[in-house]
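Those sequence lines, one after another, are chains W and Y.
Per our numbering: the first sequence ends with 435, consecutive numbering throughout.
Per our numbering: the second sequence ends with 537, consecutive numbering throughout.
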Amino acid sequence: MKRGRKNSEANNSSSEEEIGGQSKKPKITDEESTEISPSPDWGNLLPDIILQVFQYLPLLDRAHASQVCRRWNQVFHMPDLWRCFEFELNQPATSYLRATHPDLINQIIKRHSNHLQYVSFKVDSSKESAEAACNILSQLVNCSLKTLGLISTARPSFMDLPKSHFISALTVVFVNSKSLSSLKIDDTPVDDPSLKVLVANNSDTLKLLKMSSCPHVSPAGVLCVADHCHGLRELALNYHLLSDELLLALSSEKHVRLEHLRIDVVSENPGQTHFHTIQKSSWDAFIKHSPKVNLVMYFFLYEEEFDPFFRYETPVTHLYFGRSVSKDVLGRVGMTCPRLVELVVCANGLRPLDEELIRIAERCKNLSAIGLGECEVSCSAFVEFVKMCGGRLSQLSIMEEVLIPDQKYSLEQIHWEVSKHLGRVWFPDMMPTW
Amino acid sequence: MKHTSIHWFRKGLRLHDNPALLAAMTDCRKLYPIFILDPWFPKNMRVSVNRWRFLVESLRDLDESLRKLNSRLFVVRGRPTEIFPGLFKEWKVTRLTFEVDTEPYSRQRDREVVRLAAERGVQVIQKVSNTLYDTDRVIAENNGKVPLTYVRLQTLLVALGPPKQPVPAPALENLKGCCTPCKDDPDAEYGIPVLEELGQDPEQAGPRLYPGGESEALCRLDLHMNRTAWVCNFQKPQTEPNSLSPSTTVLSPYIKFGCLSVRTFWWRLAEIYQGRKHSSPPVSLHGQLLWREFFYTAGAGIPNFDKMEGNPVCLQVDWDDNPEHLRAWSEGRTGYPFIDAIMTQLRTEGWIHHLARHAVACFLTRGDLWISWEQGQKVFEELLLDADWSLNAGNWQWLSASAFFHQFFRVYSPVAFGKKTDKGGEYIKKYLPLLRKFPAEHIYEPWRAPRSVQEQAGCVIGRDYPKPIVAHEVVSKRNVERMKAAYARRSASTTAQPEGGGGKKGAKRKPLAGPSVAELLTKKPKTESS
Numbered sequence: 002m003k004r005g006r007k008n009s010e011a012n013n014s015s016s017e018e019e020i021g022g023q024s025k026k027p028k029i030t031d032e033e034s035t036e037i038s039p040s041p042d043w044g045n046l047l048p049d050i051i052l053q054v055f056q057y058l059p060l061l062d063r064a065h066a067s068q069v070c071r072r073w074n075q076v077f078h079m080p081d082l083w084r085c086f087e088f089e090l091n092q093p094a095t096s097y098l099r100a101t102h103p104d105l106i107n108q109i110i111k112r113h114s115n116h117l118q119y120v121s122f123k124v125d126s127s128k129e130s131a132e133a134a135c136n137i138l139s140q141l142v143n144c145s146l147k148t149l150g151l152i153s154t155a156r157p158s159f160m161d162l163p164k165s166h167f168i169s170a171l172t173v174v175f176v177n178s179k180s181l182s183s184l185k186i187d188d189t190p191v192d193d194p195s196l197k198v199l200v201a202n203n204s205d206t207l208k209l210l211k212m213s214s215c216p217h218v219s220p221a222g223v224l225c226v227a228d229h230c231h232g233l234r235e236l237a238l239n240y241h242l243l244s245d246e247l248l249l250a251l252s253s254e255k256h257v258r259l260e261h262l263r264i265d266v267v268s269e270n271p272g273q274t275h276f277h278t279i280q281k282s283s284w285d286a287f288i289k290h291s292p293k294v295n296l297v298m299y300f301f302l303y304e305e306e307f308d309p310f311f312r313y314e315t316p317v318t319h320l321y322f323g324r325s326v327s328k329d330v331l332g333r334v335g336m337t338c339p340r341l342v343e344l345v346v347c348a349n350g351l352r353p354l355d356e357e358l359i360r361i362a363e364r365c366k367n368l369s370a371i372g373l374g375e376c377e378v379s380c381s382a383f384v385e386f387v388k389m390c391g392g393r394l395s396q397l398s399i400m401e402e403v404l405i406p407d408q409k410y411s412l413e414q415i416h417w418e419v420s421k422h423l424g425r426v427w428f429p430d431m432m433p434t435w
Numbered sequence: 008m009k010h011t012s013i014h015w016f017r018k019g020l021r022l023h024d025n026p027a028l029l030a031a032m033t034d035c036r037k038l039y040p041i042f043i044l045d046p047w048f049p050k051n052m053r054v055s056v057n058r059w060r061f062l063v064e065s066l067r068d069l070d071e072s073l074r075k076l077n078s079r080l081f082v083v084r085g086r087p088t089e090i091f092p093g094l095f096k097e098w099k100v101t102r103l104t105f106e107v108d109t110e111p112y113s114r115q116r117d118r119e120v121v122r123l124a125a126e127r128g129v130q131v132i133q134k135v136s137n138t139l140y141d142t143d144r145v146i147a148e149n150n151g152k153v154p155l156t157y158v159r160l161q162t163l164l165v166a167l168g169p170p171k172q173p174v175p176a177p178a179l180e181n182l183k184g185c186c187t188p189c190k191d192d193p194d195a196e197y198g199i200p201v202l203e204e205l206g207q208d209p210e211q212a213g214p215r216l217y218p219g220g221e222s223e224a225l226c227r228l229d230l231h232m233n234r235t236a237w238v239c240n241f242q243k244p245q246t247e248p249n250s251l252s253p254s255t256t257v258l259s260p261y262i263k264f265g266c267l268s269v270r271t272f273w274w275r276l277a278e279i280y281q282g283r284k285h286s287s288p289p290v291s292l293h294g295q296l297l298w299r300e301f302f303y304t305a306g307a308g309i310p311n312f313d314k315m316e317g318n319p320v321c322l323q324v325d326w327d328d329n330p331e332h333l334r335a336w337s338e339g340r341t342g343y344p345f346i347d348a349i350m351t352q353l354r355t356e357g358w359i360h361h362l363a364r365h366a367v368a369c370f371l372t373r374g375d376l377w378i379s380w381e382q383g384q385k386v387f388e389e390l391l392l393d394a395d396w397s398l399n400a401g402n403w404q405w406l407s408a409s410a411f412f413h414q415f416f417r418v419y420s421p422v423a424f425g426k427k428t429d430k431g432g433e434y435i436k437k438y439l440p441l442l443r444k445f446p447a448e449h450i451y452e453p454w455r456a457p458r459s460v461q462e463q464a465g466c467v468i469g470r471d472y473p474k475p476i477v478a479h480e481v482v483s484k485r486n487v488e489r490m491k492a493a494y495a496r497r498s499a500s501t502t503a504q505p506e507g508g509g510g511k512k513g514a515k516r517k518p519l520a521g522p523s524v525a526e527l528l529t530k531k532p533k534t535e536s537s
C-alpha cells in the first residue's frame, strides 16, 4: 500500500465508506468531490471488516499486515485473532524446526493471555522445551481455555520433568479455565490428584480427554473422570486403566453417548505385563448405551501375550496390530469382532492367512478398510476375500510381497481380478527397488 | 564446416550408446573428449574413497578405450564455468556436446555453460541418453505434472512407446578425418587423477569388489544376461538382502556413472524376454529400470526434491535431531546386529541389497530413531557406489513414508526381517566378526542372551558390543503416533491454524513494544551443526 497517500484524501472518501459499509462503494456522482477517488482508503476500513479479512490470514501475513498502519495494528491485537495459538518449543541447537520466539511468547502472555482459548504446545525431545512449556502454562492465570494439547513430537520430554513441577503448571490451567472441553495430555506425568482437580473445575464442559501412556494415573483416577464428567464423548487411555467399573460409569444414564474410545494395549517387556480381563457384560452395557461408538484398539504385544483377548464378542471397530500377531489370534478376531470396520496387521508370520481372512470377510460385515504389512496370503484366498467383501472395501492396502502366487493366479492377474470385484482400479502397495 | 568439438563427459562415462559423443564426431576435424574435475567436490563433499576409486577407474577405462580410437581423455581441473572460456579460446572450439543431466545443480551449471558458449559462437548439442526417456517429455505427456505413482508412469510410457534403441559405439570410421591432438601434454596437465590428488588414501578403500569402468560393466552385463532363466524369472522382492554375495546384478554403480547405458540394458533384456515367459514390472529387471526412470522424472520435475522443506510432495515431519544416534547408525553401532552388519557392508564395500537399504532406512526414520531422511540421504550419498541424486532422494522419501508411500504401518523389524532369509545369521557373522560365536537363536538379539552365553561367545553386550540404542517395541509405537499426527496435520486446513514463530531477533524498528511480531516470526536460517 502506498504510504504516500495523504490522510486528508482519505478523509474525503472515508465518510462514504463508513456509511456504505462492506461491499459497494457509492458511485462518484457526488458534486462535492470533483476528483475521482482512484481506490478505497484501506487504512480506514471498519475494524470488523479488517478483522474478517485478517482471520483468513496465517499469523505471519497478519503480522506483516499489522505493520502497515495504526488502525491495522489495532485490529491485529483484537482478542478474536488470539483465540488459537500453538507454541512450538524446540532447542535451537538441536532442533530441526523453528521455535516460537521467546519475545513473541512474552508478548502473547502479556497482551493476549486472557484471549487464548485453544492452545497447544509442541515440544521436542529436550527437557528444556518441556520446562518452557510448563513455564508458559503456569502463567496462563487469566486464561479460560477451552482446548489444551500437550504434544511431544519425539521423545516424551514431559516425563523427564520433576512430576510436581509439571502437575502444578497443569493445575493452574485446570483451576483457572473452568471450561475445558478438550484436553490432550498423552505421555505426561499427570496423576490421579490432578485429574481430581480437573474434574472439580471442568466436569460440566469436558468432552474429550486423551491420556495414553500416562503411567501415574490409576484406574480409580480415570473412573473419577467418568463418574463426574457426564459430557465426555472421546476418551483415549491405556488398557491398564480400563475396568468394568469404567465401562459401566461411561454407560450410566446420566452419561452422554460415547463417540470414541481408544485403548492402547502395550507391553514393553515380554511376559512382564499381566493383562486383566474385562467382563463381557461390561462391554455389552457399553454398546447398549453407545451403539455407534468407535472402539479403537491398538495392540503392541508380543505374540504370547494375547491370551486374555478375543475370547468372546468384543465390540471393537478399529483394530491395529502394531507388532507380530499370530494366525490363531487373527482367527479369533474373525469369530469375535462383528463390528469390525478397519483392520491393520503390521506383521504376522510366514504362514498364509487364507482361512483367517475369509472368516473375517464372512463375519465382519462392516469391514471397509484393511491393511496388511509383513504377512502372507495366497492369491486365490485373497481374491476370494475381496469377492466376499466387494465394494465395501474402500481401503485395501496390501504390500505386494504379501501376495503369494498360486496355480490359479499370478501377481499380474491378481490386480485385474481384485479390481473387478472392487469396482475400481487397484494395485498392491509397492516398495521401490533401490 | 569442419568443427573442433569438445565432448564433455560428466555421467555417461562410456562409448556405447552415446549419441552426444557421436554428434561431436560428425563433421569434425578435431575432437577433444574431456572430463572436468572440479576440485570443489573432493574438498567439500563427503564422498567415500570407494566411490572416488570407482570414478578414477572409470576414467582410466574410458581413456584406454578412446586411445584405441587414436583419441584420449583430457581430465581438466577446475570449475566448468571458469575453464570453458579458456578452453574454447585455446583449442578454437566451435562445438560442445554433452549428455543431458536433469539434476538441479547440473541444470544450473549447464545453463551457465550454454550461455558462455553462445557468447563465443560455440554450437551446443545436448542429447538424452542417461534415462530411457526424455523426462521433460514424460512430464509434458502427463499434463505438466510429475507422475507420483509407478503405475501412472507405466501408463504414460505405454503411450510413448518403447525406449529408443541404443546407438552403437563409435568405430574408427566415425573418426575419419578427425583427430585428437594427443601429442600435446603427455599425461601431465590433463592426465587421469590418482586418489591422492583427490585427498583420498588408497589404504582406506575397501575390497575391490566392483572395479569401475565401461569394460567391466559390459562384461558383467554379458555374464548376467547369459543366465537366461534367472533373467526371466527375476523378481527383485524375492531376492535376499543378506546373502553372502549379492543376489542381484550389482550393475547399479555402473549405471550411476553411465558406464553402462540403460537403453542398452533395456534392449538386451527385451531380446532375452522375446518369446519367453518372464516376470513383469515392477519386480522384473525391466521393472528396475523403470523405478530408476520414475525417480529421475520426479527429481526433474519436483522442486527441492532432496529436502523436506519447500518440497511440495514431501510430508512435513517433526523429525528428532540426535547426532549421537545418527552417528551410531552411520557407523554401525546401534546394538542391532542386522542393522549394524548392513551399515558395515555399506561402509566397506559400497553396495548393499535394496531390502537391506529398506531395513536401515526405515530404522533411521519412521521405524526407530525418528531422524530425518535427509540425514540418511547424506550418509548414503557418501558411502554408496551407486549414489544417484534422484534415486537417493526419492527412495529415502519413500522409505520414510514422506512421499509416494503412505502405509506407514509396514515397518521393518530390525530383529525379525533378516531372520526370514538368513536364519543362522551368517551375514551378521561375516560383517560383524565379533559376534561370530553367538548361537543362531541369539544372534539377532544378543542382548537377550544369558550372560553365560555372552561370556562364552567372547562378546559381552554393553562392553564388547553396544546395547540397543533404542528399544524397538517402545519407540515403534510412539513413532506410529507421530506419523499419524504428521499426516493429520497435512490434511488440516492451513488458514485457521496460526503458525508458530521463527527465531530472528530483528532490529528494533517500531516503537511498539520491541521487535514486531512479524520480525519475531521471520525465519532465521538454520545453522548447520557439523
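Glycine included, every Cβ here is placed at the ideal spot set by N, Cα and C.
Note that this is a predicted model, so its numbers are computed, not measured.
Through-space distance from residue j to residue i, alpha-carbon basis
i, j, result
"Y/ALA423", "Y/TRP405", "21 Å"
"W/LEU90", "W/LYS211", "21 Å"
"Y/LEU30", "Y/GLY85", "Residue 30 of chain Y is actually Ala in this sequence, not Leu. Roughly 25 Å between the two C-alpha positions."
"Y/ILE43", "Y/VAL201", "14 Å"
"Y/LYS134", "Y/GLY128", "19 Å"
"Y/ASP542", "Y/ARG58", "In the structure as shown, chain Y begins at 8 and stops at 537. Residue 542 of chain Y is therefore absent and cannot be evaluated."
"Y/THR88", "Y/HIS449", "57 Å"
"W/ASN270", "W/ARG324", "13 Å"
"W/THR274", "W/TYR303", "10 Å"
"W/ASP104", "Y/SER409", "33 Å"
"Y/LYS183", "Y/GLU388", "41 Å"
"Y/VAL396", "Y/TYR112", "Sequence inspection shows Trp at residue 396 of chain Y; the Val mentioned does not correspond to that position. About 10 Å."
"Y/GLY510", "W/PRO48", "In this prediction, Y/GLY510 scores a pLDDT of 28, lower than 50, which makes its location untrustworthy; the coordinate-derived value is nonetheless stated afterwards. Between Y/GLY510 and W/PRO48, the C-alpha separation is close to 30 Å."
"Y/ASP347", "W/LYS128", "29 Å"
"W/VAL120", "W/HIS231", "23 Å"
"W/SER178", "W/VAL294", "28 Å"
"Y/LYS99", "Y/THR11", "7 Å"
"Y/ASP143", "Y/ALA305", "10 Å"
"W/CYS376", "W/LEU320", "16 Å"
"W/ALA133", "Y/SER65", "56 Å"
Buried versus exposed, by CB contacts within 10 Å (16 or more), residue i
i, result
"W/SER9", "Reliability fails at W/SER9, whose pLDDT of 41 lies under 50, so the model's placement of it is uncertain and no value is given."
"W/CYS135", "buried"
"Y/LEU179", "exposed"
"Y/CYS226", "exposed"
"W/PHE383", "buried"
"W/ARG425", "exposed"
"W/VAL142", "exposed"
Distance cut-off 7 Å: residue i Cβ against heavy atoms of the ligand NAP
i, result
"Y/ASP471", "This structure does not include the ligand NAP; it has no bound ligands of any sort."
Item checked: alpha helix (DSSP H) segments (min. 4 residues) lying fully within the stretch 119 to 154 of chain W -> For the stretch 119 to 154 of chain W, the full-length alpha helix (DSSP H) segments reaching 4 residues or more read 128 to 140 along the chain.
Margin query: Counting only Cβ-Cβ distances shorter than 7 Å, please list the residues of the stretch 168 to 195 of chain W near chain Y, keeping chain order.
Written below: With the criterion set as a beta carbon lying under 7 Å from some beta carbon of chain Y, the stretch 168 to 195 of chain W has no members that meet it.
Next item on the list: Could you pull out every unbroken alpha helix (DSSP H) segment of at least 4 residues lying fully inside the stretch 435 to 507 of chain Y, listed in chain order?
Entry: Runs of the alpha helix (DSSP H) spanning 4 or more residues and lying entirely within the stretch 435 to 507 of chain Y occur at 458 to 464 and 479 to 498, in chain order.
Notebook entry, point to check: Quick one: complete beta strand (DSSP E) runs, 3+ long, within the stretch 305 to 333 of chain W?
Noted result: Listed in chain order, the complete beta strand (DSSP E) runs (minimum 3 residues) inside the stretch 305 to 333 of chain W are 319 to 325.
Notebook entry, point to check: With contact counted as at least three CB pairs below 8 Å, one residue from each stretch, are the stretch 111 to 119 of chain Y and the stretch 246 to 261 of chain Y in contact?
Noted result: No: fewer than three Cβ pairs fall under 8 Å.
Item checked: In chain order, each alpha helix (DSSP H) run of at least 4 residues that lies wholly inside the stretch 56 to 90 of chain Y -> The stretch 56 to 90 of chain Y contains, as complete alpha helix (DSSP H) runs of 4+ residues, the segments 56 to 74 (chain order).
Notebook entry, point to check: Of the residues that make up the stretch 403 to 434 of chain W, which ones have a beta carbon closer than 7 Å to any beta carbon in chain Y?
Noted result: Within the stretch 403 to 434 of chain W, the residues whose Cβ lies closer than 7 Å to any Cβ of chain Y are, in chain order, GLU413, PHE428, ASP430, MET431, MET432, PRO433 and THR434.
Next item on the list: Could you name each continuous beta strand (DSSP E) segment of 3 residues or more that falls completely within the stretch 158 to 195 of chain W, going from the start of the chain to the end?
Entry: Counting only runs of 3 or more, we get 183 to 185.
Item checked: Positions along the stretch 394 to 409 of chain Y whose CB lies within less than 8 Å of some CB in chain W -> So the close ones are LEU398, GLY401, ASN402, TRP405 and LEU406.
Next item on the list: Mind the definition here: the stretch 143 to 152 of chain W touches the stretch 171 to 191 of chain W only if three or more C-beta pairs lie below 8 Å; say whether that holds.
Entry: In the pairwise beta carbon analysis, the stretch 143 to 152 of chain W is classified as touching the stretch 171 to 191 of chain W: at least three pairs are separated by under 8 Å.
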